[in-house]
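Some notes on the structure that comes next.
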Amino acid sequence: MSMLKPDPPMSSFSIKSGPPISTTGMPGGILASSRALPLSIPLPFLLTGICAAALFGLLLPLFLPETMIAPGFPHVLATVHIATLGWLTMMIMGASFQLIPVITVSSLHGARFIRWQYPLYISGVTLLISGFWWMQTWLLIAGGSLVVLAVIHYSIIVGRSLAQAETRPLAVRYLVASVVALCLVVSLGLTMALSWQFGFLGAALQQVFLAHLVLGIVGWLSNTLIGISYTLVRMFALVHGHSDWLGRFLFILLNTGIGILALGFIVSWFPLLIGGGIALIGAAWIFAYDFWRMLRVRRRKILDVTQYHSIAAAVYFVLLIPVGIAVALTGWQPPAILAALGLAALVGWLGQSTVGYLYKIVPFLIWQTRYGPLVGYQKVPLMRDLIHESWAWGSWWLINVGLVCTLISLVLGWMLPAQITSGLLGIGFILAAVNIFGVTRHLSIHTIAENAQA
1 MSMLKPDPPM SSFSIKSGPP ISTTGMPGGI LASSRALPLS IPLPFLLTGI
51 CAAALFGLLL PLFLPETMIA PGFPHVLATV HIATLGWLTM MIMGASFQLI
101 PVITVSSLHG ARFIRWQYPL YISGVTLLIS GFWWMQTWLL IAGGSLVVLA
151 VIHYSIIVGR SLAQAETRPL AVRYLVASVV ALCLVVSLGL TMALSWQFGF
201 LGAALQQVFL AHLVLGIVGW LSNTLIGISY TLVRMFALVH GHSDWLGRFL
251 FILLNTGIGI LALGFIVSWF PLLIGGGIAL IGAAWIFAYD FWRMLRVRRR
301 KILDVTQYHS IAAAVYFVLL IPVGIAVALT GWQPPAILAA LGLAALVGWL
351 GQSTVGYLYK IVPFLIWQTR YGPLVGYQKV PLMRDLIHES WAWGSWWLIN
401 VGLVCTLISL VLGWMLPAQI TSGLLGIGFI LAAVNIFGVT RHLSIHTIAE
451 NAQA
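Take the sequence shown: its letters are residues 1 to 454, numbered as in the working numbering.
Structure representation (structure tokens):
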């Protein structure tokens, strides 16, 4: 269904003679350019991320009541960081390593060190989450230090690659802003961790925490997702004739709003909060409108599950930002409302977007590695056959119906129904993880070994 796969080469008939057909020069082979990394670089990030999503879905019904009593409870903090660091950031790092060479038509700079990124980052995230779970200071310090090193390493590689890119399409602007925001998020997180230990922030800790949230959810994660969406939506839906002018204006408005709002929280100045909030609300609505413009001019008329995930995510984004700004400005922040906003952001907007894109990216990477060299020589499966489509649709319904019912239950204060419906949401993520992880069954031991040595 997407530009990632050229229909002719992926057909299931065999050709007995002639040279193999290359897919790298075709629209469907765009992710398989000569500058792309070996499969062993992005795939561990993507698979670990979807497994973390399943773990988050499994833990959510168990610890949802604790968010109503004590949002800072160790298990709640651990679960939140499973979503933000283990799931969302993990996936974004893996996807960006694969997509940046394609977007910029350049190789990643410092790629010889890139193999250290996954073990460094996964070690830090594991220790940090363990530190939150058991509230062990030494684990928090060790894990946080490794995460900081991993972020610095990631930022250097991505920053140099974007700065020296041969072409700079719209997505590059968003990626640059997201890397800057990521560095600020980690810096503020480290500052808060030290303050919890030594207490030097005092009452200002809450303001720093709110700025940390804005920079993390909107500055880092949303900037990256919006930027990548301008590439992937066009690719998957065969969008032609869509101009970048609105996306460029959106970039300025979005990041101006992020900066003003974060600064407003830090200095506690209401006019800055209002100005930044209005800018972010406008940015959310403009993105939704531009997203609709892209779908309107698409050539692939039938929408698949990836596009439906993106549509649902855009709806959540449009609703989430105004409600979140209103809650922040009015000071009306009961735990149930905060929990609902957190779920809408992490699951409704960010989470299901990444899951939807994985239905395209992971099968393509594995198909290209395993079957690409065989095209023209023997019968190969269709790329879409690597994913169980019925499972993907079942997961979509479980995630979205479960999330809507959970949000309604939280707002109304119905804790037992919220736990039950969040269980449906969790089952949806587990089903998606099994579906995506199952694509790896097409990789042979020989193929895995070759990629590990590449």
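Virtual Cβ for every residue (Gly too), placed ideally from N, Cα, C.
What separation, rounded to the nearest whole angstrom, lies between the Cα atoms of F249 and P169?
Counted from its first residue, the sequence shown places residue 249 at position 249. Counted from its first residue, the sequence shown places residue 169 at position 169. So the alpha carbons of these two residues sit roughly 14 Å apart.
According to DSSP, is R160 part of a helix, a strand, or is it coil?
Here residue 160 is taken as the residue at index 160 of the sequence shown, counted from 1. It is helical.
Given that a residue counts as buried once 16 or more other Cβ atoms are within 10 Å of its Cβ, and exposed if not, what is R160?
As a working mapping, residue 160 is identified with position 160 in the sequence shown. With fewer than 16 Cβ atoms within 10 Å of its Cβ, R160 is classed as exposed.
6 Å CB neighbourhood of I260 in its chain, flanking five on each side removed:
For the purposes of this step, residue 260 is identified with residue 260 of the sequence shown, where counting begins at 1. Result list for I260: L272, G275 and G276, in chain order.
Could you tell me how far apart the beta carbons of L350 and L47 are, in whole angstroms, since I believe they sit closer than 8 Å?
By one-based count along the sequence shown, residue 350 stands at place 350. By one-based count along the sequence shown, residue 47 stands at place 47. Not a contact, Cβ separation roughly 18 Å.
Own chain partners of A142 with C-beta closer than 6 Å, once the 5 adjacent residues on each side are dropped
Within the sequence shown, numbered from 1, the residue matching residue 142 stands at position 142. So the qualifying residues of the chain are L127.
Between P42 and A95, which are expected to be in contact by the criterion C-beta below 8 Å, what is the C-beta distance as a whole number of angstroms?
Reading the sequence shown from its first residue, position 42 is the one you call residue 42. Reading the sequence shown from its first residue, position 95 is the one you call residue 95. Yes, they are in contact, since the Cβ atoms of P42 and A95 sit about 7 Å apart, within 8 Å.
Between the Cα of I100 and the Cα atoms of L232, G428 and I281, which residue gives the shortest distance?
Along the sequence shown, read from residue 1 onward, the residue named residue 100 stands at position 100. The shortest C-alpha separation from I100 is found at L232.
From the DSSP secondary-structure annotation, give me the bridge partner or partners of R370.
By one-based count along the sequence shown, residue 370 stands at place 370. Paired residue(s): none; R370 is not in a bridge.
Measuring straight from C-alpha to C-alpha, what distance separates H309 and L149?
As a first step, residue 309 is located in the sequence shown; it is residue number 309 there, counting from the start. As a first step, residue 149 is located in the sequence shown; it is residue number 149 there, counting from the start. Each residue's alpha carbon lies about 33 Å from the other.
DSSP state of R298, grouped into three classes?
As a working note, residue 298 is residue 298 in the sequence shown. R298 falls in the strand class under three-state DSSP.
Is it buried or exposed for T67, if we count other Cβ within 10 angstroms and need 16 for buried?
Taking the first residue of the sequence shown as 1, we reach residue 67 at position 67. T67 is buried by the Cβ-count criterion.
DSSP three-state call for V380: helix, strand or coil?
The residue given as residue 380 occupies position 380 in the sequence shown. Reduced to three states, the DSSP call for V380 is coil.
For L374, is the classification buried or exposed, using 16 other Cβ atoms within 10 angstroms of its Cβ as the cut-off for buried?
On the sequence shown, position 374 is the one that residue 374 refers to. By the neighbour-count rule (16 or more Cβ atoms within 10 Å), L374 is not buried but exposed.
Quick check: what's the CA-CA separation for R112 versus T84?
Looking up residue 112 in the sequence shown gives position 112. Looking up residue 84 in the sequence shown gives position 84. When rounded, the distance between both Cα atoms is 27 Å.
Mapping the DSSP letters down to three states, classify V233 as helix, strand or coil.
Taking the sequence shown and counting its residues from 1, one reaches residue 233 at position 233. Note: V233 maps to helix in three-state DSSP.
In whole angstroms, what is the alpha-carbon distance linking L382 and E166?
Indexing the sequence shown from 1 puts residue 382 at position 382. Indexing the sequence shown from 1 puts residue 166 at position 166. Using only the alpha carbons, I get a separation of about 33 Å.
What residue does the alpha helix (DSSP H) around P61 start on, and which one ends it?
As a position in the sequence shown, residue 61 is number 61, starting the count at 1. Start and end: P42 to I69.
By the 10 Å Cβ neighbour count, where 16 or more other Cβ atoms means buried, how is W220 classified, buried or exposed?
For this step, residue 220 is matched to residue 220 along the sequence shown. That one is buried.
Taking just the CA atoms, how far does M93 sit from G257?
Position 257 of the sequence shown, counted from the start, is the residue given in the question as residue 257. Position 93 of the sequence shown, counted from the start, is the residue given in the question as residue 93. Roughly 24 Å separates the two Cα atoms.
Using a Cβ-Cβ cut-off of 8 Å, state whether A262 counts as contacting chain C.
The structure shown has no chain C; it contains just one protein chain.
Among R293, W391 and T440, whose alpha-carbon lies nearest the alpha-carbon of G241?
Position 241 of the sequence shown, counted from the start, is the residue given in the question as residue 241. Nearest of R293, W391 and T440 to G241, Cα basis: R293.
Taking all protein chains shown into account, do 16 or more other C-beta atoms lie within 10 angstroms of the C-beta of G28, making it buried, or fewer, making it exposed?
As a first step, residue 28 must be located in the sequence shown, where it is residue number 28. Because the pLDDT at G28 is just 44, under 50, the model does not fix this residue reliably, and the point stays unresolved.
Span of the alpha helix (DSSP H) around F251:
Looking up residue 251 in the sequence shown gives position 251. Run containing F251: W245 to V267, per the alpha helix (DSSP H) assignment.
Identify, in the order they occur along the chain, each residue of the same chain with its Cβ nearer than 8 Å to the Cβ of M192, setting aside the five sequence neighbours on each side.
Position 192 of the sequence shown, counting from 1, holds the residue named residue 192. Cβ within range, chain order: L201, L205, V208, F209 and H212.
Start-end ranges of the alpha helix (DSSP H) lying completely within the segment 94-136, minimum 4 residues:
117-134
Give me the DSSP bridge partner(s) of V458.
Any question about residue 458 goes unanswered here, given that the chain covers just 1 to 454.
Taking L425 and G57 to be in contact with their CB atoms under 8 Å, please state how far apart those CB atoms are, rounded to whole angstroms.
As a working note, residue 425 is residue 425 in the sequence shown. As a working note, residue 57 is residue 57 in the sequence shown. Correct: roughly 6 Å between the Cβ atoms.
Close beta carbons around N436, own chain, < 6 Å, minus the five adjacent residues each side
Taking the first residue of the sequence shown as position 1, residue 436 is located at position 436. The question names Asn, but residue 436 is Ile in the sequence shown. Here the set comprises I50, L358 and V362.
With P334 as the anchor, note down where its alpha helix (DSSP H) starts and where it stops.
Taking the sequence shown and counting its residues from 1, one reaches residue 334 at position 334. That residue, P334, is in no alpha helix (DSSP H); it is neither H nor E in DSSP.
Enumerate in chain order the residues of its own chain whose CB-to-CB distance from V214 is below 7 Å, with the five nearest sequence positions on each side excluded.
Mapped onto the sequence shown, residue 214 falls at position 214. Cβ within range, chain order: I258, L261, A262 and F265.
Of all the options I281, F270, R370 and V239, which has the alpha carbon lying nearest to the alpha carbon of N255?
In the sequence shown, counting from the first residue as 1, residue 255 sits at position 255. Among I281, F270, R370 and V239, the Cα nearest to that of N255 belongs to I281.
Can you tell me whether A345 is buried or exposed? The criterion is at least 16 other CB atoms within 10 Å of its CB, across all chains shown.
If you number the sequence shown from 1, residue 345 lands on position 345. Under this definition A345 is a buried residue.
Residue interval of the alpha helix (DSSP H) (run including P169)
By 1-based counting over the sequence shown, the position of residue 169 is 169. Per DSSP, P169 belongs to no alpha helix (DSSP H) and is neither H nor E.
Secondary structure at S390, three-state DSSP: helix, strand or coil?
Counted from its first residue, the sequence shown places residue 390 at position 390. Three-state result, S390: helix.
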